[in-house]
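Just so we're aligned, residue 1 is where the sequence shown starts under the UniProt record's numbering, counting upward by one.
All residues carry an ideal CB built from backbone N, CA and C; glycine is no exception.
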Amino acid sequence: MASLHRALAAAVAGDPDLAVYDGEVTSAGRLELLPFVHEQAISITAHRFGTPDDWSADVI
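This is the structure we're talking about:
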């Protein structure tokens, strides 16, 4: 198996933008997608000078 890893690394010239996963595939799609999804947080600031505005109430 180590020789296969070395051959693969040589074939792609050690490109860090390429990821190869050699683990078993699971039936849980959410687990399979974890390495490819980035968590993102979005915040809404709806106030001017400390006074809350109502425009974002429908969004939240």
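CB contact flag (residue i, residue j, <8 Å)
i, j, result
"V12", "L4", "no"
Cβ shell of residue i (< 8 Å), same chain only, five flanking positions each side left out
i, result
"P35", "A19 and Y21"
Cβ-Cβ separation, residue j to residue i (assumed contact under 8 Å), whole Å
i, j, result
"V25", "I44", "V25 to I44, Cβ: 39 Å. No contact."
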